[in-house]
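Numbering (this note's numbering), first residue to last: 29 to 283. Glycine included, each C-beta is placed from N, C-alpha and C at the ideal position.
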Ligand code: CO8
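This is the structure in structure tokens:
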């Protein structure tokens, strides 16, 4: 198995373990990843972290050697498979953190962009180099990148294939933070900033913000009023407000 699922404290950890090919994603690895995500969804993990084995790459993208000499229908099904797995990732019940510990190219960056958050080590390089292969991104890159960095920067990255370093990635909003030291420890520390909050409330927040990028302000405000009202129906909201009044720490039960 290339996709290894383990547990670190309150987080599930998926490691792509194919360092000899810079953790490139073959179609069978995509299947493994989909199955691992199904498993994570049933656990009590409060966060999912995804990283690549070794210290050179998070993931160098789709397995280029597998992409040649396939008919059009297979290519379309391949793109749809990658998109479906990454959409599953973006809709997990818990937040996800891409721990980008080296190259995140093509499908690798698309995988990271489907996560809720992205952290990158100082040696990371992030890019969508498909244009250099005569291709364009197929696992969500043309849609998720402009949502993160805006149209002009997305067009530049996709049309030049230029990779960005972590400082630029942080400046344009492609990553949340640059990390130094042990990447997983750093990611765990980052996750502790939200891990103790109510999981359904975190889910409502993610759903509302994600919808904001797709719909009009008027519709978005309606979504927000519905989701924030739903949040009031949770026992966790009652606990949070009671704890405030009683000047104590809340104990959320995810209900
Ligand atoms: N696929 C397959 N093998 C790869 C990949 C890849 N994406 N990337 C690296 N490898 C392999 C290399 O072939 C090499 O193997 P070998 O030792 O057997 O020759 C090994 O990993 C190490 O790589 P390098 O020797 O090239 O390492 P370098 O440090 O010299 O270079 C780079 C690192 C710059 C990351 C370089 O490997 C590179 O440019 N890789 C390709 C990056 C890329 O173009 N990614 C985008 C791929 S396309 C995509 O992701 C989406 C396409 C749309 C999908 C639609 C589906 C139908």
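Where residue i falls: helix, strand or coil (DSSP)
i	result
residue 34	strand
residue 98	coil
residue 239	helix
residue 279	coil
Distance, residue j Cα to residue i Cα
i	j	result
residue 209	residue 217	12 Å
residue 178	residue 262	35 Å
residue 150	residue 211	10 Å
residue 102	residue 154	27 Å
residue 340	residue 200	Outside the displayed span of the chain (29 to 283) sits residue 340, for which this structure offers no information.
residue 117	residue 270	34 Å
residue 38	residue 74	6 Å
residue 100	residue 109	14 Å
residue 113	residue 142	9 Å
residue 286	residue 195	No information on residue 286 is available, as it lies outside the stretch 29 to 283 that the chain covers here.
residue 272	residue 224	15 Å
residue 249	residue 243	10 Å
residue 207	residue 274	37 Å
residue 172	residue 183	12 Å
Residue i versus the options, residue with shortest Cα-Cα distance
i	options	result
residue 80	46, 105, 112, 143	46
residue 128	108, 252, 198, 258	198
residue 213	159, 148, 238	148
Contact between the stretch 89 to 98 and the stretch 43 to 63 (3+ Cβ pairs under 8 Å): Segment contact: the stretch 89 to 98 against the stretch 43 to 63, three or more CB-CB distances shorter than 8 Å; contact assigned.
contact_flag[the stretch 225 to 234, the stretch 165 to 178] where n(CB pairs < 8 Å) is 3 or more: no
What runs of the alpha helix (DSSP H), each 4 residues or longer, lie entirely inside the stretch 39 to 125? Listed in chain order, they are 55 to 70, 92 to 95, 100 to 118.
Runs of alpha helix (DSSP H) lying entirely within the stretch 113 to 199, each at least 4 residues, in chain order: 135 to 141, 169 to 177, 179 to 188, 194 to 199
Three-pair Cβ contact test at 8 Å for the stretch 31 to 50 versus the stretch 61 to 70: yes
Every unbroken alpha helix (DSSP H) inside the stretch 203 to 277 [4 residues or more]: 211 to 219, 227 to 240, 245 to 260, 263 to 273
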